[in-house]
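Letter by letter, the sequence shown follows residues 1 to 194 in this note's numbering. Working notes for the structure below.
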Amino acid sequence: MYKINIIRSDSVYKNILKTPLNDRDSIFTKEILVPFKKKFEVQQIPIHNDAKQTMSAIQFLDAFQKSPKDLRMSDQMSIQYLNNDFWSNCEKYLKVAIDQFANYSISSQVSNYHFTVLLGDSQKPLMYLNKNRGGDGGIPGYIMIYLVPSTSTINSMKSLIAHEVNHNMRYQYIDWDGGSLIELIIAEGLAETM
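Here is the structure:
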């Protein structure tokens with residue numbers, strides 16, 4: 001049996017909007033990144049700025065997301081999409097996707113899943129190229145979705161979660177090779193068929 005730990009980014013974003021710019025990264029790190037610390041360790045990305053590393057987790061995520069320092073009151077409209085029904089549906093979609101594997105005798109080796117949705121930035125090329133939605137489910141037990149909330153992207157959550165759960169299950173059974181081209185082609189092809 002497994003447990004799903006939903007990290008409600010809407011609450012974090014609302015808190016960040018009330019916080020001075022200089023304190024925003026620390027709140028984001030504590031509330032969002034710390035639960036995903038092991039994911040970033042596997043990817044060799046520190047969650048805190050480290051002089052030895054070229055990039056921190058926030059800098060990595062800034063390729064997709066609205067950076068905590070860039071959040072404005074006008075982003076409240078996007079945050080409102082991440083309401084109770086949204087999170088309830090996400091949990092339901094996660095359970096359905098994970099249980100679908102069990103129907104084929106592929107059991108989850110993970111007992112604790114961490115899940116969140118980050119506000120995507122429509123001005124970022126990676127979000128634009130992916131129709132304002134994307135995700136990272138390649139480290140077992142951890143799934144992050146990047147989303148520019150709209151009716152269209154909210155309606156794509158079921159398939160987006162299924163795609164990322166496919167990656168998550170796959171890498172419970174095979175070792176991630178760091179992202180070779182052949183592995184990316186196989187992994188993405190399999191996830192798209194889910």
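Built from N, CA and C at the ideal position, the CB exists for glycine as well.
Query raised in the report: With 16 other CB atoms within 10 Å as the buried threshold, where does G178 fall?
Result: exposed
Query raised in the report: Since G135 sits in a beta bridge, which residues does DSSP pair it with?
Result: I145
**Report entry** Selected residue, minimal CA-CA separation from K92, among V165, H48, S78
**Finding:** V165
**Report entry** Opening and closing residue of the beta strand (DSSP E) in which F115 lies
**Finding:** 112-119
Query raised in the report: If you pair each beta-carbon of the region 93-103 with each one of the region 156-175, do three or more pairs fall below 8 Å?
Result: yes
**Report entry** Within 8 Å, strictly: CB atoms of S108 and Q172
**Finding:** yes
Report task. Can you have a look at M73 and say buried or exposed, based on whether 16 or more other CB atoms are within 10 angstroms of its CB? Result -> exposed
**Report entry** Identity of the residues DSSP links to Q203 by a beta bridge
**Finding:** For residue 203 there is no data in the structure shown, the boundaries of the chain being 1 and 194.
Query raised in the report: Of the choices N15, A187, M157, Y2, whose alpha-carbon is the least far from that of W87?
Result: M157
Query raised in the report: Got a sec, what are the start and stop residues for the alpha helix (DSSP H) K3 sits in?
Result: Taken as a continuous stretch (DSSP letters only), K3 belongs to no alpha helix (DSSP H), being part of the beta strand (DSSP E) at 3-7.
Query raised in the report: With burial defined as no fewer than 16 other Cβ atoms inside 10 Å of the residue's Cβ, what is the status of L119: buried or exposed?
Result: buried
Query - Rounded separation between Y142 and G189 - CA only - result: 20 Å
Query raised in the report: Tell me which same chain residues have a C-beta within less than 7 Å of the C-beta of P125, skipping the five on either side of it?
Result: none
Query - Residue span of the alpha helix (DSSP H) that contains L205, given as start and end - result: In the structure displayed, the chain extends from 1 to 194; residue 205 sits before or after that span and is not available.
Requested in this report: Over the uninterrupted alpha helix (DSSP H) stretch that includes H167, give me the two end residues.
Outcome: 157-173
Requested in this report: Enumerate in chain order the residues of its own chain whose CB-to-CB distance from L33 is below 6 Å, with the five nearest sequence positions on each side excluded.
Outcome: I47, A57
Query - Supposed close pair L82, D10 - CB separation, criterion 8 Å - result: 4 Å
Query raised in the report: Does the distance from the CB of S67 to the CB of P149 come in under 8 Å?
Result: no
Query raised in the report: At what residues does the alpha helix (DSSP H) containing T193 begin and finish?
Result: 181-193
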